[in-house]
Amino acid sequence: TYLCIVFLQIMETPKEEPEMQSHTIENCYGSRKLAYMMLSGRREHGIFYIPGFMGDMTDKKPEFLNKFCKEHDFSFLRYDPTYVAKSAGSDPIEYKLIISTWIDDALEMFNLTRGSQIIVSHSLGGLIALHLALKHPERVTALMLLGPVYNLHEAVTTTPTDSKLMEGASQHIGYFNILKLLRDAKQHNIQLGSSLININCRVTIIHGEKDEIPYEFSEKLFKALASTEKTLTLIESGSHFLEDDYCLEAIKVALLDLAQIHGKSS
Numbered sequence: 001t002y003l004c005i006v007f008l009q010i011m012e013t014p015k016e017e018p019e020m021q022s023h024t025i026e027n028c029y030g031s032r033k034l035a036y037m038m039l040s041g042r043r044e045h046g047i048f049y050i051p052g053f054m055g056d057m058t059d060k061k062p063e064f065l066n067k068f069c070k071e072h073d074f075s076f077l078r079y080d081p082t083y084v085a086k087s088a089g090s091d092p093i094e095y096k097l098i099i100s101t102w103i104d105d106a107l108e109m110f111n112l113t114r115g116s117q118i119i120v121s122h123s124l125g126g127l128i129a130l131h132l133a134l135k136h137p138e139r140v141t142a143l144m145l146l147g148p149v150y151n152l153h154e155a156v157t158t159t160p161t162d163s164k165l166m167e168g169a170s171q172h173i174g175y176f177n178i179l180k181l182l183r184d185a186k187q188h189n190i191q192l193g194s195s196l197i198n199i200n201c202r203v204t205i206i207h208g209e210k211d212e213i214p215y216e217f218s219e220k221l222f223k224a225l226a227s228t229e230k231t232l233t234l235i236e237s238g239s240h241f242l243e244d245d246y247c248l249e250a251i252k253v254a255l256l257d258l259a260q261i262h263g264k265s266s
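The letter at position 90 of the sequence shown is residue 90 when you use the UniProt record's numbering, and the numbering goes up by one with no holes.
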């Protein structure tokens, strides 16, 4: 009886918050240190988060995911991309290579994980998540794409220039830097053509009805994916950021669904 009580106490001990760590990268995109946090878990699959444009690991969604992973015993890795928050450094931002660098960041951080992963991404992170799934199909067990921006040129041209998203980007980095970013993105944009995108893992796409990027943008991606296990959800209250309480609950339900299919449920 005593041993059973001790065992239960160990099982119920809350997980400590993971410490901030740093990963050094030296390659063709420069020498840089990426800040990240990794939560341990005993599930078969882990969860890996890729933020949107200039998003960081203290935003509302990754904080929510961290809590979710603690409750359901998933490992969880989140990070700040190059030039962002704790990974900002002192070097000037190279906008002409920024998308290439952020894709490389994700590949480097993904290599720190073990086993199969459910990738959760937001906005521009969706483009990066698709590249990861194409490069590592054996390790990506599922994708959750939140308001995915998989083709930056098309997203920009279909979004009103006076939208909050476009005005915010212009104010944040300036018009000429947006042009540099778009030139770099051109080689990485996911092009939708007559053939399906060779991604066969389970995919969940969530799009907010109040998103200034049209719902049809996500719908076209949904139809272009080869996966036969895919869902597309439109949330009436959702903005592009999908972080009100209703959206976060929808994300939780969708993740639990992925977990039940791809691993043991709690």
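Cβ atoms here follow ideal geometry from the backbone N, Cα and C, with glycine treated the same way. Treat the numbers as computed from the prediction; the structure is a model and nothing was measured.
For residue i, which three-state DSSP category applies?
i: residue 242; result: coil
i: residue 175; result: helix
i: residue 167; result: helix
i: residue 122; result: strand
i: residue 254; result: helix
i: residue 23; result: strand
i: residue 235; result: strand
i: residue 249; result: helix
i: residue 183; result: helix
i: residue 192; result: coil
i: residue 17; result: coil
i: residue 199; result: coil
i: residue 42; result: coil
i: residue 262; result: For residue 262, the predicted structure reports a pLDDT of 42, less than 50, and the residue's modelled location is therefore unreliable. The matter cannot be settled from this model.
Whose C-beta lies closer than 8 Å to the C-beta of residue i among residues of the same chain, with five residues either side of it excluded?
i: residue 276; result: Since the first residue shown for the chain is 1 and the last is 266, residue 276 is missing from the structure and cannot be characterised.
i: residue 153; result: 182, 185, 186 and 189
i: residue 19; result: 37
i: residue 21; result: 35, 36, 37 and 38
i: residue 89; result: 32, 33, 82 and 83
i: residue 196; result: 224, 225 and 226
Specify, as a first and last residue, the run of the alpha helix (DSSP H) that residue i falls within.
i: residue 158; result: 152-158
i: residue 68; result: 60-72
i: residue 218; result: 215-224
On the DSSP letters alone, give me the boundaries of the beta strand (DSSP E) that residue i sits inside.
i: residue 145; result: 140-146
i: residue 29; result: That residue, residue 29, is in no beta strand (DSSP E); it is neither H nor E in DSSP.
i: residue 267; result: Given that the chain is displayed from residue 1 to residue 266, the structure contains no residue 267 and the question cannot be resolved.
i: residue 79; result: 76-79
For residue i, I'd like the list of residues in its chain whose CB is within less than 6 Å of its CB, leaving aside the five on either flank, ordered along the chain.
i: residue 77; result: 38, 48 and 113
i: residue 198; result: 226
i: residue 83; result: 93
i: residue 52; result: 122, 123, 124 and 125
i: residue 64; result: 248
Going by beta carbon distance, what residues of the same chain come within less than 7 Å of residue i, once the five residues before and after it are set aside?
i: residue 250; result: 206, 233 and 235
i: residue 24; result: 33
i: residue 106; result: 50, 128 and 132
- Say whether the stretch 233-247 touches the stretch 197-210, bearing in mind that this needs 3 or more beta-carbon pairs closer than 8 Å, one atom from each stretch. yes
- Query: Considering only residues of the stretch 86-114, which uninterrupted beta strand (DSSP E) runs meet the minimum length of 3 residues and lie entirely inside it, listed in chain order?
  - Reply: none
- Query: Is there contact between the stretch 124-143 and the stretch 158-176, where contact requires at least three CB pairs shorter than 8 Å?
  - Reply: no
- Are the stretch 22-30 and the stretch 45-60 touching by the rule of at least three beta carbon pairs closer than 8 Å? The stretch 22-30, when compared against the stretch 45-60, does not touch it at the 8 Å Cβ threshold.
- Query: Do the stretch 86-105 and the stretch 172-181 make contact, defined as three or more Cβ pairs closer than 8 Å?
  - Reply: yes
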